[in-house]
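Numbering (UniProt numbering), first residue to last: 1 to 206.
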């Protein structure tokens with residue numbers, strides 16, 4: 001093989017390597033951009049949480065866990081949330097939940113969360129908690145929103161109140177709710193003692 005052919009072949013190999021390197025570089029750059037966007041995007045989530053110190057109750061929380069602002073947020077439910085019956089309408093908080101998400105939310109800043117009571121547990125005849133609110137035990141929450149550049153995102157969350165029914169917990173005498181009960185018991189004893197003293201005073205006593 002003559003030197004000219006060898007040189008031409010080497011040039012072709014170099015050119016091919018350059019094309020591959022360029023393609024790989026473009027792909028790496030695109031992936032880096034996607035990773036950067038994913039890290040900086042708003043990230044909304046819907047979840048059920050226990051209401052502290054309120055036995056048998058759950059709240060629905062919609063929160064922006066991302067590092068940037070979410071805009072033009074729509075929150076929808078499947079099945080659609082029903083209205084309370086006339087018998088409980090005056091005590092139900094479901095209308096507040098429905099009204100909050102019946103319209104577009106302009107902005108959710110990083111860390112911002114929206115809370116509403118979803119499951120208001122009341123003991124039934126068998127001692128098992130039932131939901132006072134007319135809301136389904138299982139619900140799908142769909143979140144549609146944008147970032148500040150106008151990119152759209154859609155996230156779906158399947159929530160189930162039954163997940164919390166078989167929950168077990170451990171409590172401590174030093175926990176805040178235990179301390180509150182202890183203080184309440186002490187105050188009740190003091191009140192009873194004071195009533196006894198007042199009732200035992202004879203005529204003319206101060």
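Every residue gets a Cβ at the ideal spot worked out from N, C-alpha and C, and that includes glycine.
This structure is a prediction, so every number in the text was calculated from the model and none was measured.
I need the straight-line Cα distance from residue i to residue j, nearest angstrom please.
{"i": "residue 181", "j": "residue 99", "result": "36 Å"}
{"i": "residue 87", "j": "residue 149", "result": "47 Å"}
{"i": "residue 78", "j": "residue 176", "result": "37 Å"}
{"i": "residue 111", "j": "residue 76", "result": "21 Å"}
{"i": "residue 196", "j": "residue 179", "result": "26 Å"}
{"i": "residue 102", "j": "residue 153", "result": "19 Å"}
{"i": "residue 97", "j": "residue 184", "result": "33 Å"}
{"i": "residue 123", "j": "residue 147", "result": "43 Å"}
{"i": "residue 186", "j": "residue 194", "result": "12 Å"}
If I follow the unbroken alpha helix (DSSP H) through residue i, where does it start and stop?
{"i": "residue 100", "result": "94-100"}
Just confirm the distance between the C-beta atoms of residue i and residue j, as a whole number of angstroms; I'd bet it's less than 8 Å.
{"i": "residue 51", "j": "residue 60", "result": "With 8 Å as the limit, residue 51 and residue 60 do not qualify as a contact, their Cβ atoms being about 11 Å apart."}
{"i": "residue 44", "j": "residue 143", "result": "5 Å"}
{"i": "residue 55", "j": "residue 121", "result": "7 Å"}
According to the neighbour-count rule (16 or more other Cβ atoms, all chains shown, within 10 Å of its Cβ), is residue i buried or exposed?
{"i": "residue 80", "result": "exposed"}
{"i": "residue 35", "result": "In this predicted model, residue 35 has a pLDDT of only 49, less than 50, meaning its place in the structure is not dependable; the value taken from the coordinates is given anyway. Answer is exposed; the Cβ neighbour count stays below 16."}
{"i": "residue 132", "result": "buried"}
{"i": "residue 40", "result": "exposed"}
{"i": "residue 130", "result": "exposed"}
Mind checking which residues open and close the beta strand (DSSP E) that includes residue i?
{"i": "residue 121", "result": "113-123"}
{"i": "residue 129", "result": "129-131"}
{"i": "residue 142", "result": "138-146"}
{"i": "residue 78", "result": "70-78"}
Residues in its own chain within less than 6 Å of residue i by CB, not counting five upstream and five downstream?
{"i": "residue 117", "result": "59 and 93"}
{"i": "residue 156", "result": "142"}
{"i": "residue 113", "result": "61 and 63"}
{"i": "residue 70", "result": "42, 44, 64, 108 and 145"}
{"i": "residue 160", "result": "138"}
Report all residues from its chain with a CB closer than 7 Å to the CB of residue i; omit the five preceding and five following residues, and keep chain order.
{"i": "residue 227", "result": "With the chain covering only 1 through 206, there is no way to say anything about residue 227."}
{"i": "residue 65", "result": "43 and 45"}
Quick check: is the beta carbon of residue i nearer than 9 Å to any beta carbon in chain C?
{"i": "residue 97", "result": "Protein chain content of the structure displayed is limited to a single chain, and chain C is not contained in it."}
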